[in-house]
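Here the structure is laid out as structure tokens; the discussion comes afterwards.
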Amino acid sequence: MEKVKIDVPVMAELHAKGEKPEYLFWVGCAGAFDDRYKKVVRAFVKILHYLKVSYAVLGKEESCTGDPARRAGNEMLFQMQALRNIELFNAYGIDKIITICPHCYNIFRNEYPDLGGNYTVINYLQFLEKCINDGTLNIKSELFKNKRVTYHDPCYLGRGNNIYQEPRQILNALSVELAEMKRNRSFALCCGAGGAQMFKEAEKGNKEVFIERTEDALETGTAIIATACPFCMTMLTDGLKYKNKEEEIKNLDIAELIAQALNL
């Protein structure tokens, strides 16, 4: 299937023309470099265009938030990254930031203010749920009606920022049969990649966390595992492969579910 080209506005180009978008869409490292998560970014961008949202990306000017550096203990590198980003945001007069990565969301919202970076930071699930509630996003579709779906709560959305209801309300709007895992919401098991664990080998002697979490999902009899984090997507996709279930059970981001329901 031929990919449709999407013209994504770039902040520097709009700034040169004296234009200022309402939102900065922060793509994130996974969205920029991970082949699987690029599909999630593409799905969300299609939704932004469908909604005619005023936004722009930083493009080549975007760098890492510094979150992995701080989690791994390299405070100096984190502050270097953060201060560079804050300087860039302020130069463009950025007020509102939409993120799709919970790790980016958390650090912008809760840790950048300590360094003078004060912005309205919005997770894409909050944004999408608001659009559904105010009627600007109508996702009544038969595509996923009564399809059994389980949702994995990312640590940095759930326990970190109390975002539990939004993803579930979106899934209910898609008319899915929501099957909760035995450990959900504040009791949800981590995917195993947070806190910079993504970049190190697992300790020996115990069952790896991503396998245990995948087993939680499989116990629900789900057809789709809905995720909302690039780390979680990677770990649960690996878990499905480990269990030889990748052909029969899909791991899809909530943005992908909405884009498919809208036939974007």
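Each step along the sequence shown adds one to the number in numbering that gives the first Met the number 0, with nothing skipped, and position 31 is 30. Note that CB positions come from ideal geometry on N, CA and C, so glycine has one too.
Annotation for LEU23: the continuous beta strand (DSSP E) segment containing it runs 22-25. Closest by C-alpha distance to ALA81, out of LYS19, ASP133, ALA68, SER185, is ALA68.
Distance from ILE46 to ALA258 at the Cβ level is roughly 6 Å; contact confirmed, criterion being Cβ atoms closer than 8 Å. Rounded to whole angstroms, the gap between the alpha carbons of LEU188 and TYR155 is 12 Å. In the structure shown, ASN122 falls within a strand segment according to DSSP collapsed to helix, strand and coil. Nearest in C-alpha terms to ASN105, of all of ILE93, ARG70, CYS130, is ARG70. Spatial neighbours of LEU142 in its own chain (CB-CB distance under 7 Å, excluding positions within 5 residues in sequence) are listed in chain order as GLN259, ALA260. Between TYR36 and ASN117, the alpha-carbon positions lie close to 27 Å from each other. By the neighbour-count definition (other C-beta atoms within 10 Å, threshold 16), ALA90 is an exposed residue. Counting only the Cα atoms, ARG108 lies some 18 Å from GLU21. Every beta strand (DSSP E) of 3 residues or more that sits fully in the region 7-86 is shown, in chain order, as 22-25. THR219 sits buried, since 16 or more C-beta atoms from the chains shown fall within 10 Å of its C-beta.
Cα atoms of CYS28 and ALA42: separation of roughly 16 Å, rounded to the nearest angstrom. Looking at the DSSP output, ILE96 shares a beta bridge with LEU23, VAL120.
If you check the CB distance, HIS151 and LEU251 do not come in under 9 Å. DSSP lists no bridge partner for ILE106. When rounded, the separation of the alpha-carbon atoms in PRO166 and ALA227 is 8 Å.
Look at ARG184 here: in three-state DSSP terms it is helix. By a beta-carbon distance limit of 8 Å, GLY115 contacts ILE85. Their separation comes to about 6 Å.
Of ILE138, GLU18, GLY134, CYS103, the smallest CA-CA separation from TYR123 is found for CYS103.
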